[in-house]
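Heads up: the structure comes next, in structure tokens.
In our numbering, the protein residues as written are -5 to 389.
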């Protein structure tokens, strides 16, 4: 009667959403202030004042039809030129408006890219730990997700394990840095090593292998860490960007895909992206928000709260006895759970109203994700509870 796969996706919520909904119910029982919900990566830093002002200026200055009407599918040409110029100034690239395709956020950008590239039998590689929706997105377009096991000591790429996963069916490799859920930033050495291996495999297999660089956390990189701009190291790269995290706009759904001129058969790839967007019912990215990001392009993000929260939570967990890689970016920690079964550990944490996400959902068992994009005060009050939880395992 219906597509069973779609029914399954629609009725089986993600673990993250299930925990978040449990938290809402629990808050109604014991009070919001007594629930320590680390489940959802929903930015708590206020949207910058310059974004609010841009919205007000646009609404006050422009004709409504120009603000709210359709744009062409790839996006307003003037907006794309402004964004391309901003990217060039930051990274020393040579993009023009024709290299950008505006989307309704990074999820749309990634899914469109998968759809544009995927042919029957194609495989897409992700590095654990990875954003769980990658599997859903890849499988929805007929591809297969292949997962490279994590390198938990630093969450860089395990190249020996990666090479074992490469086959003639490999179509693309997904890079997410700063990473959700580990907070790791791939070093320049890591990106260079990845590019070198892929260039060799392209020659061996006789076809392009693409990197899809998923970059919603690019602006949230902490002092001492630089996020390499992948197209400068590897020609066959699609960049999927979103303003959800950098400008605290997750509900507005605005982002883009960069398609460099240097990519294998630019016209074919860009055309396939346009076609994929069409069949995925993408008409155009939200018109008002296209205009807003053009006015705000290149403006700095305030990450001070995330820096403070990350340092506070990391030190508190380490002091409590947890093992954890120090955060380098994004707003997540990915500590080791205090028992091998991370689901059991996260369930036990609920006794203290600590809502944590099992690492197994991110392809990395024996860990748990903590999203620290919440009030600093909430983190401070949670630390004694983490100590109590850890003390149970020390007995």
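C-beta atoms are modelled at their ideal positions from N, C-alpha and C, and glycine is treated no differently.
Beta-bridge pairing of residue i - partner residues as DSSP gives them
i           : result
residue 330 : 361
residue 117 : 138, 164
residue 205 : 167, 231
residue 388 : Answer is none; residue 388 lacks a bridge partner.
residue 263 : None, per the DSSP bridge assignment.
residue 215 : 323
residue 351 : 363
residue 236 : 249
N- and C-terminal bounds of the alpha helix (DSSP H) containing residue i
i           : result
residue 300 : 298 to 314
residue 155 : 153 to 159
residue 180 : Segment: none, residue 180 is in no alpha helix (DSSP H) and carries neither H nor E.
residue 287 : 281 to 290
residue 274 : Where residue 274 is concerned, there is no enclosing alpha helix (DSSP H), given that its DSSP letter is neither H nor E.
residue 3   : -2 to 5
residue 336 : 336 to 343
Host beta strand (DSSP E) of residue i (start-end)
i           : result
residue 397 : Lying outside -5 to 389, the shown extent of the chain, residue 397 is not represented and no answer is given.
Sequence-distant residues of the same chain with beta carbon closer than 6 Å to residue i, five excluded per side
i           : result
residue 354 : 336
residue 192 : 203
residue 240 : 213, 295
residue 375 : none
residue 144 : 122, 123, 358
residue 105 : 131
residue 91  : 71, 74, 75, 78
residue 176 : 123, 149, 328
Chain-order list of residues whose beta-carbon lies under 7 Å from that of residue i (same chain, five-residue window excluded)
i           : result
residue 283 : 246, 248
residue 228 : 189, 192, 205
residue 209 : 233, 234, 235
residue 128 : 120, 139, 168
residue 382 : 346
residue 365 : 32, 33, 34, 35, 325, 326
residue 197 : none
residue 185 : 222, 224, 227
residue 362 : 329, 331, 336, 339, 340, 350, 351, 352, 353
residue 136 : 112, 114
residue 174 : 35, 125, 211, 324, 326
residue 343 : 350, 383
Contacts around residue i, its chain only, beta-carbon distance under 8 Å, and the 5 residues preceding and following it disregarded
i           : result
residue 220 : 179, 182
residue 199 : 162, 164
residue 292 : 80, 83, 84
residue 296 : 39, 42
residue 388 : 315
residue 62  : 281, 282
residue 66  : 278
residue 56  : 285
residue 269 : 110
residue 272 : 67
residue 379 : 30, 346, 347, 348
residue 87  : 81, 223, 225, 226, 254
As an exercise, report each continuous alpha helix (DSSP H) stretch of at least 4 residues that is fully enclosed by the region 23 to 109, in chain order. 43 to 55, 58 to 62, 71 to 85
Stretch-stretch touch, CB-based, cutoff 8 Å, three pairs: the region 98 to 109 with the region 311 to 325: no
Contact between the region 69 to 85 and the region 287 to 301 (3+ Cβ pairs under 8 Å): yes
Cβ contact (3+ pairs, closer than 8 Å) linking the region 262 to 281 and the region 34 to 48: no
The region 340 to 349 touching the region 110 to 130, judged by at least three CB pairs closer than 8 Å: no
Inter-stretch contact (C-beta, 8 Å, three-pair minimum) for the region 215 to 235 and the region 248 to 257: yes
Are the region 18 to 35 and the region 139 to 150 touching by the rule of at least three beta carbon pairs closer than 8 Å? no
For the 8 Å Cβ check, are there 3 or more pairs between the region 153 to 161 and the region 356 to 373? no
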